[in-house]
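Accompanying notes for the structure given below.
Number of protein chains: 2
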Amino acid sequence: MHRDKIELLLDRSETGFLVNSTEKMEKQRVNGGEFNQCSDEVQHVALDIGGSLIKVVYFSGNDCGSFEEQETSSSKGRLDVPNGNQNYCVLKGKLHFMKFETRKINDCIEFLSSKKFRCHDDLHHEDHTSDSHIVKATGGGAFRYADLFKEKLGITLDKVDEMDSLVAGANFLLKAVKCEAFTYMDDKKDYVQIDHKDLYPYLLVNIGSGVSMIKVDGDSKFERVSGTSVGGGTFWGLGKLLTKCKSFDELLELSHGGNNRVIDMLVGDIYGGSDYSKIGLASTTIASSFGKAVSENKELEDYRPEDVARSLLRMISNNIGQIAYLNALRFGLKRIIFGGFFIREHAYTMDTISVAVNFWSNGEAKAMFLRHEGFLGALGAFMNYKREGLADLMSHLLVEQLPKGSIVADLNGNDSIHCSVRISN
Amino acid sequence: MHRDKIELLLDRSETGFLVNSTEKMEKQRVNGGEFNQCSDEVQHVALDIGGSLIKVVYFSGNDCGSFEEQETSSSKGRLDVPNGNQNYCVLKGKLHFMKFETRKINDCIEFLSSKKFRCHDDLHHEDHTSDSHIVKATGGGAFRYADLFKEKLGITLDKVDEMDSLVAGANFLLKAVKCEAFTYMDDKKDYVQIDHKDLYPYLLVNIGSGVSMIKVDGDSKFERVSGTSVGGGTFWGLGKLLTKCKSFDELLELSHGGNNRVIDMLVGDIYGGSDYSKIGLASTTIASSFGKAVSENKELEDYRPEDVARSLLRMISNNIGQIAYLNALRFGLKRIIFGGFFIREHAYTMDTISVAVNFWSNGEAKAMFLRHEGFLGALGAFMNYKREGLADLMSHLLVEQLPKGSIVADLNGNDSIHCSVRISN
């Protein structure tokens, strides 16, 4: 009986794989619909396997709400309750965010395995075709590592388009989560509440290993209009070669204590300390990134790694900010939203991007950032379960779980937030 | 008598300083005007002192034409003969192009000194104010090193605005010199003859240590609309740190034998060898410059310097091409002309810039290059003597001296071309 109920849930939602398959689940009728009252832990996983990082979003349920509770909640929230008397289960639980380095993909596989996700072998008791073990996955690695996941975990990666996922993830966050978007300038973070009706169009700039720039015109209406190969992979790759740092985070940390003026050639360096005021360039403007290395009789070892890291970060942030602004201008987009793991709520990165957008737009445009910046693709892939009945309400309940107007925790680490999902039956 | 004539020339033209002041110069009347028939060697110098390089343009006269000759020439050429019966001297000679590294500025000073330019001490016989020793100079170094030139050579640098110079130099070349502009694609150089009436507007992209992007609307009508700090100084500076190359040319040469795919992360690397065809990215497109260095357990020493240099060149060329195109698009400019010493007629650089412009414009825009690309600023500063009567005719005679339709020598080295200048009396 127990097994049947779980499988019913699986069949209808096609939500991938479950944990703790021995846990109970009971059904009852509410308002003419059938409702699953449950305290089972159910985990739905989505992956974004990029060139440098694997981002994992998974949900673990640990409690079950009632239909009445859900209705009450929805009246406070911003998302509509779906029409009709549908049968569904509300699962309370946690949405978890994890990341792994792509080169250490076995760590990710081991983690998924260790979490006792119900996999291949479990289901084989009843079903010898492993095709039913489907996990939503996006990013190039969903193609590249498909065979590996199949072999090691018996999982079939259901590939969700990368741009679709980024946009779905960003739209979800911007519409459903309070205190999600913010501007950053002079060490000051200002949360921006965006009116849903005024959300589109905007430019989504996702800074992963490379950078994608996407004009978003509606819920599923978007176009990748530009990009640049000078992205997070460049910062980390070049930074690793230049500083011998072992990780992206170490490199970021290093840059924090650096001074880019040691290596960058400033306008003042060329103009003998003066501004080039006729064309609006202050003496402190960077004329040439790494340009000072040209004229000095120094080798790499003679520079402090901190200064190198800072120059590199500034060059790349500034460049992305500029190209993003030029694209926003091209399509008349006033809102530029930056996401992707490169940013990582790193103050100096955000500040440089903000300054670049401000500089090139003469103060007319502002860069915006997202609290969950690194997980757009993974969240978007997770949202793709919606097609199979999951997650409609999650966005609503996410809103409810976050304290209004408060500053919430950084979710870019291996973190989690309380929330609920609704699964139709 | 002799001295008077030379000084008359100096006084009227204010062309800086002369060599071989003992040589003869005679005057005669032609067509109601006074004409200097002369075989004197006269040198007019202009400098462009940038962050990394000093570009020198100087004219050495060695023969003297007649007014009739000049009229005959002008009827073939494209520039109008100035109205009125003016007195002037036509000096045949050579226009020389030289470059020095800015950090070796003393080499430049020594060179100028060795050429026996008539300097401070010579003139002090008659004139104890050295203010009359004026040399046109542009670039930030014209400010930074003004005192040094004064002290070592007794020269006052007459500062010409950098953007003014670049535009004047480019306009001069585009209008007056045949076989100046060309496109470059697939190792093929195609000269472009631009109709003077259809020259404006265009985007001038000058790639020096940094990059300036200038919208040129007319002879002296322009605006610096953009730029980037990722320029020649970045290539050279970062390249020096990464490869230990001793010079820009060595680094360029090195890049020629490299393979960027060793270090760059391609779309195919992320997508398991596939294209990301939905958004038009081929598997060979660079997804992340230097991105492959992230996932490999290699240090800088484990990479071939050739490959590093190539990735760097490709990253920077591509980036400049993209930002240039976005700016051209912004102002509806169909013609993008690249200049500056970064290019140096280097096939791979031009090819990458061309491909970038072609890629981002979907084939609608083409990058154009200039044969004298590195000397725009210095030529522009030289043209500034025009205000004092020099160089009106030089542009005309430059045209005459170049064989029609032929491929002429690369002038980016320390080279010279035969030409003439006209000096009014």
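Protein chains in written order, with the numbering used here: chain A, 45 to 469; chain B, 45 to 469.
The beta carbon of each residue, even a glycine, is placed where N, CA and C say it ideally should be.
(request) Tell me Tyr-228 (chain B)'s beta-bridge partners as DSSP assigns them. (result) B:Lys-233
(message) Let me make sure I understand the geometry here. Which of A:Glu-417, A:Tyr-369 and A:Met-427 has the alpha-carbon closest to that of Gly-407 (chain A)?
(response) A:Tyr-369
(request) Determine, using beta carbons only, whether Arg-268 (chain A) comes closer than 8 Å to chain B. (result) yes
(request) Have a look at Ile-397 (chain A) and Ser-361 (chain A) and give me their C-alpha separation to the nearest angstrom. (result) 5 Å
(request) Buried or exposed for Asn-215 (chain B), please, with buried defined as at least 16 other CB atoms from any protein chain shown within 10 angstroms of its CB. (result) buried
(request) Quick one: list the residues of chain A neighbouring Val-274 (chain B), beta-carbon separation under 7 Å, in chain order. (result) Ser-333, Met-359 and Asn-363
(message) Tell me the residue span of the beta strand (DSSP E) that contains Leu-509 (chain A).
(response) Here chain A covers residues 45 to 469 and nothing more, so residue 509 (chain A) does not appear.
(request) Examine chain B for any beta-carbon lying closer than 8 Å to the beta-carbon of Ser-398 (chain A), and answer yes or no. (result) no
(request) Output, in chain order, the set of chain B residues within a Cβ distance shorter than 7 Å of Ser-327 (chain A). (result) Under the 7 Å cutoff, chain B gives no residues; its nearest Cβ is about 10 Å from Ser-327 (chain A).
(request) Step through the CB atoms of chain A and report whether any lies within less than 8 Å of the CB of Ser-318 (chain B). (result) yes
(request) Within 10 angstroms of the Cβ of Gln-317 (chain A), are there 16 or more other Cβ atoms? Answer buried if so, exposed if not. (result) The question names Gln, yet the displayed sequence has Gly at residue 317 (chain A). Answer is exposed; the Cβ neighbour count stays below 16.
(message) Between the alpha carbons of Ile-387 (chain B) and Met-394 (chain B), how many angstroms are there, rounded?
(response) 7 Å
(message) Would you call the stretch 369-386 of chain A in contact with the stretch 350-358 of chain A, where contact means no fewer than 3 C-beta pairs closer than 8 Å?
(response) no
(message) Let me make sure I understand the geometry here. Which of A:Met-427, A:Gly-213, A:Val-255 and A:Tyr-246 has the alpha-carbon closest to that of Ser-333 (chain B)?
(response) A:Val-255
(message) Under 8 Å, Cβ to Cβ, is there at least one residue of chain B near Phe-403 (chain A)?
(response) no
(message) Assuming contact is defined by CB atoms lying nearer than 8 Å, are Ile-251 (chain B) and Val-269 (chain B) in contact in what I supplied?
(response) no
(request) Taking only the alpha-carbon atoms, compute the straight-line gap between Ser-96 (chain B) and Ala-400 (chain B) and give it to the nearest angstrom. (result) 25 Å
(message) Please tell me whether Asn-371 (chain B) has its Cβ less than 8 Å away from any Cβ of chain A.
(response) yes
(message) Distance cutoff 8 Å, beta carbons only. Does Thr-146 (chain A) sit that close to anything in chain B?
(response) yes
(request) Can you have a look at Asp-239 (chain A) and say buried or exposed, based on whether 16 or more other CB atoms are within 10 angstroms of its CB? (result) exposed
(message) Check this for me: beta carbons of Trp-219 (chain B) and Leu-243 (chain B), under 8 Å apart or not?
(response) What sits at residue 219 (chain B) in the sequence shown is Lys, not Trp. It is a contact, given that the beta carbons lie within the stated cut-off.
(request) Classify Gln-237 (chain A) as buried or exposed, calling it buried when 16 or more other Cβ atoms lie within 10 Å of its own Cβ. (result) exposed
(request) State the DSSP-derived secondary structure class of Asp-92 (chain B), mapped to helix, strand or coil. (result) strand
(message) Would Leu-357 (chain A) and Phe-292 (chain A) qualify as a contact pair, given that the criterion is a beta-carbon distance under 8 Å?
(response) no
(request) Count the other CB atoms, across all protein chains shown, that sit within 10 Å of the CB of Glu-345 (chain B); report buried if there are 16 or more and exposed otherwise. (result) exposed
(request) Can you say whether Glu-224 (chain A) is buried or exposed, counting buried as having 16 or more other CB atoms within 10 angstroms of its CB? (result) buried
(message) Applying the 10 Å Cβ sphere with the 16-neighbour rule, what's the burial state of Gly-109 (chain B)?
(response) Per-residue confidence for Gly-109 (chain B) stands at a pLDDT of 42, beneath the threshold of 50, marking its modelled position as unreliable; the derived number appears in the next sentence. It is buried - the Cβ of Gly-109 (chain B) has at least 16 other Cβ atoms within 10 Å.
(request) Inspect the beta-carbon positions of Tyr-102 (chain A) and Arg-188 (chain B) and report whether they are closer than 8 Å. (result) no
(request) Using 10 angstroms around the beta-carbon of His-300 (chain A), count the other beta-carbons present and answer buried if the total reaches 16, otherwise exposed. (result) exposed
(message) Assuming contact is defined by CB atoms lying nearer than 8 Å, are Arg-379 (chain A) and Tyr-228 (chain A) in contact in what I supplied?
(response) no
(request) Report all residues from its chain with a CB closer than 7 Å to the CB of Tyr-320 (chain B); omit the five preceding and five following residues, and keep chain order. (result) Val-311
(request) For the alpha helix (DSSP H) containing Ala-337 (chain A), list its first residue and its last residue. (result) 336-339
(message) Give me the chain B residues within the contact set of Phe-336 (chain A), using Cβ-Cβ distance strictly less than 9 Å, ordered along the chain.
(response) The sequence given here has Lys at residue 336 (chain A), not Phe. Within 9 Å Cβ-Cβ: Gly-95, Gly-277 and Gly-281.
(message) When you compare the CB of Met-257 (chain B) with every CB in chain A, is at least one pair closer than 8 Å?
(response) no
(message) Please classify Asn-363 (chain B) as buried or exposed, where buried requires at least 16 other C-beta atoms within 10 Å of its C-beta.
(response) buried
(message) Checking 8 Å against the spacing of the C-beta atoms, do Gly-418 (chain A) and Ser-209 (chain A) come in under that value?
(response) no
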